[in-house]
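So the structure is just underneath, and the comments pick up after that.
In the numbering used here, the protein residues as written are 405 to 901.
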């Protein structure tokens, strides 16, 4: 296809919709050039995808990569679309640029550029790749739903939504905690099977096979059971992972506690630290464990103490596997009011870290509160008082607390992703669960694709939990959540344009 002579005087011509100019020194051999211009220029090859988004590209030698967001399926976005690009002066190209192509096909699409004198030709392969990573300090840009599975699809007996069973576990009241164990596995702890609490003594029987189930993170298929070694199964109160996805559990010994970790779910747990405090004493659902940092270097844990009028929690700081400090932190808000649940999650791996707090205050539609505090208790940010018609059209106030004593709502979990602090907020009403990931600096700005809402009769459930880790090597984070009476779901968080 010969370029129209009308445009020969321009140093480059845009095939498709117009032309632009480039520096004269690009054409030192008139009539012999056979290039798609713009070796490092993203504006010299563009594709308008099926969504209407204009995708730029990068060039590596004779290969051109159309850069598509990881939230978009390229097999759909780039199938049957037309490219716009620039040729050197007088050159021609086949196939015709006006012919739609599938740039997502295996091997890409090849364009042959021939110089004006016909003596030189060059073959370009056009395929696709991810968009560029955003700058450090700007956090992440999108959430992409990965998997979702209801509780009875996770290998537990019972039926979701059938509340006729006298055994609440049969409709999903598992008192469930979820955490990553490495990047490939997820552990779901069902406390109602590891330390069951029923009025009917015949139901208070431990079931080790159902207490700690392991799932493949990629598709939620079952991988096996967690090796708890010689740990007293009834004393394991909660699980979480550090920012790298290393699984950690807290064990209550009556007057003291231990932190154990796993390098693999099939390996026996290893003692990380002994804590000379009565950490995580509750068995009704209000126990929790949160971690900020890396257990192999600097890490700060938070967990609950006894419920009281001052809202006491423990903050434990470790360096290189050694306990540096264990401090009793008081939030200033009572943890023995309403349904008796309160939790904090540290923002930093250092001692005396600032933290995000989730609290139940009163009853009704405005009972759920979230604060970002300094270690001393000074409140820096408060979650907006009215979320209705902003986060969800059906939302009422800030959401309502659960009726079961110690039930976990609001569940908060802080995370540091690509230089920015976030918190997961698990909220809801009596008939809905809702999750969002918000920026800590205002607790209102949410990340696209991280909102999860689902209808379930959850008012008398034990609540939910979540966990996540950040992988700086691929600039992605992974989040997983579990809620009683519903099930487990996961989201991939990307840091791409």
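For glycine and all other residues, C-beta sits at the position ideal for the given N, C-alpha and C.
Return the residue from the list the options that minimises the CA-CA distance to residue i.
| i | options | result |
| --- | --- | --- |
| residue 719 | 564, 631, 767 and 679 | 679 |
| residue 506 | 777, 530, 498 and 523 | 530 |
| residue 878 | 466, 482, 450 and 537 | 537 |
| residue 549 | 876, 856 and 783 | 856 |
| residue 876 | 648, 862, 731 and 662 | 648 |
| residue 787 | 841, 697 and 586 | 841 |
| residue 625 | 520, 589 and 582 | 589 |
| residue 711 | 890, 699 and 744 | 744 |
| residue 543 | 852, 748, 858 and 889 | 852 |
| residue 639 | 684, 461 and 761 | 684 |
| residue 674 | 829, 521 and 662 | 662 |
| residue 722 | 760, 764, 646 and 709 | 646 |
| residue 465 | 440, 489, 474 and 484 | 440 |
| residue 770 | 889, 831 and 574 | 831 |
| residue 620 | 734, 552, 611 and 564 | 552 |
| residue 650 | 485, 572 and 585 | 585 |
| residue 686 | 668, 654 and 697 | 654 |
| residue 901 | 492, 545, 527 and 486 | 545 |
| residue 808 | 815, 864 and 814 | 864 |
| residue 636 | 617, 628 and 612 | 612 |
| residue 672 | 629, 575, 833 and 539 | 629 |
Check for me: the beta strand (DSSP E) holding residue i runs from which residue to which?
| i | result |
| --- | --- |
| residue 754 | Careful: residue 754 lies outside any beta strand (DSSP E) and carries neither H nor E. |
| residue 654 | 651-656 |
| residue 785 | 783-786 |
| residue 884 | 880-887 |
| residue 734 | 726-734 |
| residue 468 | 467-472 |
| residue 707 | 702-708 |
| residue 664 | 661-666 |
| residue 915 | Because residue 915 is not part of the residues shown, which for the chain are 405 to 901, the question remains open. |
| residue 461 | 461-464 |
| residue 797 | Run containing residue 797: none; DSSP gives neither H nor E here. |
| residue 858 | 856-859 |
| residue 679 | 674-679 |
| residue 567 | Element bounds for residue 567: n/a, residue is neither H nor E. |
| residue 393 | The requested residue 393 does not occur in the structure, where the chain is confined to residues 405 to 901. |
| residue 720 | 716-723 |
| residue 694 | 693-697 |
| residue 713 | Counting along the chain, residue 713 falls outside any beta strand (DSSP E), and DSSP gives it neither H nor E. |
| residue 450 | 449-452 |
| residue 895 | 891-898 |
| residue 487 | 487-491 |
Buried or exposed for residue i, going by 16 or more other Cβ atoms inside 10 Å?
| i | result |
| --- | --- |
| residue 691 | buried |
| residue 805 | buried |
| residue 570 | exposed |
| residue 579 | buried |
| residue 532 | buried |
| residue 790 | exposed |
| residue 726 | exposed |
| residue 703 | buried |
| residue 732 | exposed |
| residue 657 | exposed |
| residue 794 | exposed |
| residue 561 | exposed |
| residue 826 | buried |
| residue 838 | buried |
Taking only the alpha-carbon atoms, compute the straight-line gap between residue i and residue j and give it to the nearest angstrom.
| i | j | result |
| --- | --- | --- |
| residue 785 | residue 850 | 15 Å |
| residue 525 | residue 516 | 7 Å |
| residue 751 | residue 854 | 20 Å |
| residue 452 | residue 541 | 30 Å |
| residue 631 | residue 670 | 5 Å |
| residue 623 | residue 758 | 35 Å |
| residue 602 | residue 608 | 6 Å |
| residue 480 | residue 897 | 21 Å |
| residue 869 | residue 490 | 53 Å |
| residue 740 | residue 701 | 35 Å |
| residue 508 | residue 502 | 17 Å |
| residue 779 | residue 873 | 23 Å |
| residue 634 | residue 472 | 49 Å |
| residue 448 | residue 801 | 50 Å |
| residue 591 | residue 737 | 32 Å |
| residue 598 | residue 764 | 27 Å |
Can you give me the start and stop residues for the alpha helix (DSSP H) that residue i sits inside?
| i | result |
| --- | --- |
| residue 481 | 478-481 |
Closer than 7 Å: is that where the CB of residue i sits relative to any heavy atom of the ligand GDP?
| i | result |
| --- | --- |
| residue 621 | For the structure depicted, the ligand GDP is absent and the ligand set is empty, with no information on it obtainable. |
*asked:* Which runs of the alpha helix (DSSP H) at least 4 residues long sit entirely within the region 585-644? Give them in chain order.
replied: 595-598 and 612-615
*Run through the region 493-556 for me and flag every whole alpha helix (DSSP H) of 4 or more residues, listed as ranges in chain order.*
none
*asked:* Just to confirm the assignment: which complete beta strand (DSSP E) runs, minimum length 3, are found wholly within the region 822-850?
replied: 824-832 and 836-843
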